[in-house]
Amino acid sequence: MDATADELAGLVDLFGGLTRTELERACSEVAYRTDGSSVETPTLEAAIESARSSFALVRYERAVPPAAGDEGTAPDDNGDGVSTEPLLVAGPTAFPSPPDHAEDLPHILDVEPRTIDRERLGERTRDRFARAADEALESGSNDRIRHLLDVSYDLEAWAPIDCTSERARLDDALE
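The following block contains the structure:
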């Protein structure tokens, strides 16, 4: 399965969000159901990273209340069987489109739908966008700067955030 960014976003969107491990398993299940094939791990990893770079997938850190006596560090599993691994969710540039044969994944993966704090997700994604803008400006990559200008508008439509200052910096770099 050579998944597109929109197909990866479609898979995570079926659940509200998936851990990276769950997304890899979902892709494997779809590949098997499609033609009996398996997923090439390096190809899938590259597709996920490309989707993250383009903001089609964004990382969502789940809030975990600290255990009694804990100073706020959260292990991968907080003891109640619920993973605290970050989720990947459909991002501002995605047009989530589950691939063919994905309709049974909610039953196959046995993953409950997840609720995402959209405001917190928007703030974290804006922070990531600001870092990406800084990196693009430092590298001088006009293609990346143009892409991030487009992303800034998508991001503002997707979440209640303001990217005006980053957009102005990116725009100034192209003049």
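775 is the number of the first residue of the sequence shown in my numbering; add one for each residue after it.
Backbone N, C-alpha and C fix where the C-beta goes; we use that ideal spot for every residue, glycine too.
Every value quoted in this text rests on a predicted model; they were computed, and no experiment measured them.
Going by the DSSP bridge assignment, what does residue i pair with across the sheet?
i: L792; result: L862
i: V804; result: BP columns for V804 are empty, so no partner.
i: Y969; result: In the structure as shown, the chain begins at 775 and stops at 949. Residue 969 is therefore absent and cannot be evaluated.
Return the CA-CA distance between residue i and residue j, expressed in angstroms with no decimal places.
i: V804; j: W932; result: 28 angstroms
i: V813; j: R888; result: 25 angstroms
i: R894; j: L861; result: 13 angstroms
i: T815; j: A777; result: 12 angstroms
i: F829; j: H881; result: 28 angstroms
i: E912; j: D936; result: 22 angstroms
i: E877; j: S827; result: 27 angstroms
i: H875; j: T793; result: 20 angstroms
i: A907; j: Y806; result: 39 angstroms
i: T938; j: G810; result: 48 angstroms
i: E819; j: A800; result: 13 angstroms
i: E949; j: E798; result: 42 angstroms
i: R920; j: L944; result: 8 angstroms
What is the residue span of the alpha helix (DSSP H) that residue i lies within?
i: A907; result: R892 to S913
i: A820; result: T815 to S827
i: I919; result: N916 to W932
i: G784; result: A779 to D787
i: S939; result: T938 to L948
Please classify residue i: is it buried, with 16 or more other beta-carbons within 10 angstroms of its beta-carbon, or exposed?
i: P866; result: buried
i: G853; result: The pLDDT assigned to G853 is 44, lower than 50, so where the model puts this residue is not dependable, and the model offers no usable value.
i: T808; result: exposed
i: A942; result: exposed
i: E781; result: buried
i: P873; result: buried
i: P869; result: Just to set this straight, residue 869 is Phe in the shown sequence, not Pro. Under this definition F869 is an exposed residue.
i: R900; result: buried
i: G784; result: buried
i: R796; result: For the record, residue 796 in the displayed sequence is Glu; it is not Arg. That one is buried.
i: E835; result: exposed
i: L929; result: buried
i: L788; result: buried
i: G914; result: exposed
i: E978; result: Given that the chain is displayed from residue 775 to residue 949, the structure contains no residue 978 and the question cannot be resolved.
Open item on the list: Which runs of the beta strand (DSSP E) at least 3 residues long sit entirely within the stretch 860 to 884? Give them in chain order.
Closed with: 861 to 864
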